[in-house]
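Novice: Below is the structure I would like to discuss, written out as structure tokens.
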Amino acid sequence: MSEEFKRRLQAYVEGRLHGSDKEQMEQELAKLEAYQAYLEEQLEMTQQVEAADGESPREAPAWANAAGHAGTSAWPPQKEAALLRRGKWKARLHTALTAIGIVIGATLLSAILTSLYYGTGGRAGAYQDAVASAIAVTRPNLAVSGSSSSGAFFTMDYRGQLTKTIGASQTTVGDMQLKFLLGYPGVEQTAWRGDTNSGNGFYVFQLPGSAPSMDSSQAWKTLDKLPEGTVAEAFISLDRLVSTDELLQRFKDKNLQPLWLAAFTGEQAGGNDLGIVAHPTGFPAMPLWHRADMKVVSHTEEKKGWLGTVVTESSSSPGVQAYGDGAVRDRNFLDTLHVLQAYPSVAKRLAPWLALDASASYLEANGVQLYGVVVTGPAKELLKLKAEPWVASLRIGDVRLWSWFDLHS
2 MSEEFKRRLQ
12 AYVEGRLHGS
22 DKEQMEQELA
32 KLEAYQAYLE
42 EQLEMTQQVE
52 AADGESPREA
62 PAWANAAGHA
72 GTSAWPPQKE
82 AALLRRGKWK
92 ARLHTALTAI
102 GIVIGATLLS
112 AILTSLYYGT
122 GGRAGAYQDA
132 VASAIAVTRP
142 NLAVSGSSSS
152 GAFFTMDYRG
162 QLTKTIGASQ
172 TTVGDMQLKF
182 LLGYPGVEQT
192 AWRGDTNSGN
202 GFYVFQLPGS
212 APSMDSSQAW
222 KTLDKLPEGT
232 VAEAFISLDR
242 LVSTDELLQR
252 FKDKNLQPLW
262 LAAFTGEQAG
272 GNDLGIVAHP
282 TGFPAMPLWH
292 RADMKVVSHT
302 EEKKGWLGTV
312 VTESSSSPGV
322 QAYGDGAVRD
332 RNFLDTLHVL
342 QAYPSVAKRL
352 APWLALDASA
362 SYLEANGVQL
372 YGVVVTGPAK
382 ELLKLKAEPW
392 VASLRIGDVR
402 LWSWFDLHS
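In our numbering, the protein residues as written are 2 to 410.
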């Protein structure tokens, strides 16, 4: 041990080293501890081998008789041990703090990159549109509206509320959460509220021309027994395939509101002999407009600071007649399927049964033909549909207390 090292060690013990000198001394002490442990281990192994061979243990080398080992130490043993422990724990603390700093830095950097990834080109909004489209075309009378927030490591958290129309009111029936990683959605997590039937796969229609297998007698009895002042949701299967305009015209003089239209996509024909459709594909009676459909009516830009700009834009969606514009609605349905084709991972996650490409191709080639409809209105108005020859079968969904206004008043 050199005199210079002893002088610096003495200064360290007395607390007179600071800054880089102190850090350098602690690093040297940590190294010495590792060297000492290694040499002691080697000496012990050598002595054990010689003892096993019957040889006399050799004299300890000079380093073993230096300070801190056998012989006289420059410091009291307790003080030297405390000194070494202190250096060891400070070195460990320094390593831990460095690792924590690296993790925090990496997290902050990834959060910035994630924000840029989902914010560039309106990517987050496009994923939200894809989620809303998947719900709209595969879950009758359900819609989702929500927002998303980007996190770290290229993740995005989408949270939305699932709503359905019963009577004249929109009711929140569930809370939905979906996590994205680099644009790929994870498992849907939906918590249903109250006594809604929406969470149990209660989407059942029957194709026209099938052998009668859905008994509607219980549904008609239920409507008959429901008191005045109640509104209900009903799933109606038609006696034949009809166009969108033809179906809407059937409700023109009725005090009922069509909500969702079930479209024949060719896939249902091979489902089963009974013609039961448990996972229908269709579209809301009120179109789900996309960004490409919107017409910009005003656009302003205002400078803020040196580099900032605040952009304000308002737009309007196309209008449709209440009981017409079937071609507009059909085109919007196809556009919605094309949105999902651009984000197949979203469609596969939220509607794994949907044959997306095949359905879109069939509709483009053959047009939109409907075999079912979801309607809502007063229970007694729904009961009147029993006399309509085009109603092949009917099932009752959710029922609520009165929430209605006369559509023709």
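Ideal Cβ placement from N, Cα and C applies to all residues, glycine included.
Mind checking residue 261: buried by the 16 CB within 10 Å criterion, or exposed?
Specialist: Label assigned to residue 261: buried.
Novice: Do you know offhand how far residue 21's Cα is from residue 27's?
Specialist: Approximately 10 Å, taken between the alpha carbons.
Novice: Quick one: Cα of residue 255 to Cα of residue 181, how far?
Specialist: Cα-Cα distance, rounded: 44 Å.
Novice: Can you tell me whether residue 6 is helix, strand or coil according to DSSP?
Specialist: Residue 6: helix per DSSP, three-state reduction.
Novice: Taking the alpha-carbon of residue 322 as reference, which of 211, 250, 384 has the nearest alpha-carbon?
Specialist: Answer by Cα proximity: 250.
Novice: Using a Cβ distance threshold of 8 Å, determine whether the segment 293-305 contacts the segment 351-369, with at least three qualifying pairs required.
Specialist: No, the segment 293-305 does not touch the segment 351-369.
Novice: Output the boundary residues of the beta strand (DSSP E) element that contains residue 193.
Specialist: 190-193 is the span of the beta strand (DSSP E), which, as asked, contains residue 193.
Novice: Which one or two residues does DSSP pair with residue 182 in a beta bridge?
Specialist: Paired residues: 156, 185.
Novice: For a quick check, are the C-beta atoms of residue 259 and residue 374 less than 8 Å apart?
Specialist: It is a contact, given that the beta carbons lie within the stated cut-off.
Novice: Quick one, which of 343, 221, 286, 405 has its alpha-carbon nearest residue 389's?
Specialist: Checked all of 343, 221, 286, 405; the closest Cα to residue 389 is 221.
Novice: Given that a residue counts as buried once 16 or more other Cβ atoms are within 10 Å of its Cβ, and exposed if not, what is residue 276?
Specialist: It is buried - the Cβ of residue 276 has at least 16 other Cβ atoms within 10 Å.
Novice: Can you name the residues that DSSP bridges to residue 285?
Specialist: Residue 285 pairs with 261.
Novice: Relative to the alpha-carbon of residue 132, which residue among 317, 348, 386 has its alpha-carbon at the smallest distance?
Specialist: Of the candidates 317, 348, 386, the one whose C-alpha sits nearest the C-alpha of residue 132 is 348.
Novice: Tell me the residue span of the alpha helix (DSSP H) that contains residue 406.
Specialist: Here residue 406 belongs to no alpha helix (DSSP H), and DSSP marks it neither H nor E.
Novice: Between which two residues does the beta strand (DSSP E) harbouring residue 1 extend?
Specialist: Outside the displayed range of the chain (2 to 410) lies residue 1, so it cannot be described from this structure.
Novice: So residue 167 and residue 268 are in contact, right, with Cβ under 8 Å, and what is the actual spacing, rounded?
Specialist: Wrong, their Cβ atoms sit about 29 Å apart, outside the cutoff.
Novice: If you count every other CB in all the chains shown that lies within 10 Å of the CB of residue 396, and 16 or more means buried, which is it?
Specialist: Under this definition residue 396 is a buried residue.
Novice: Do the segment 115-128 and the segment 153-160 make contact, defined as three or more Cβ pairs closer than 8 Å?
Specialist: The segment 115-128, when compared against the segment 153-160, does touch it at the 8 Å Cβ threshold.
Novice: Apart from the five residues just before and just after residue 111, which ones in its own chain have a Cβ nearer than 6 Å to its Cβ?
Specialist: Only 153, 154 meet the Cβ criterion.
Novice: Do you know how far the Cα of residue 378 is from the Cα of residue 336?
Specialist: Cα to Cα, residue 336 sits roughly 29 Å from residue 378.
Novice: Check for me: the alpha helix (DSSP H) holding residue 334 runs from which residue to which?
Specialist: That run of the alpha helix (DSSP H) goes 327-343.
Novice: Identify the continuous beta strand (DSSP E) that holds residue 365 and give its terminal residues.
Specialist: No beta strand (DSSP E) contains residue 365, which is instead part of the alpha helix (DSSP H) from 357-367.
Novice: May I ask you to list the residues that DSSP assigns as paired with residue 148?
Specialist: Paired residues: 160.
Novice: My assumption, with CB atoms under 8 Å, is that residue 248 sits in contact with residue 371. Please give the rounded CB distance.
Specialist: Correct: roughly 5 Å between the Cβ atoms.
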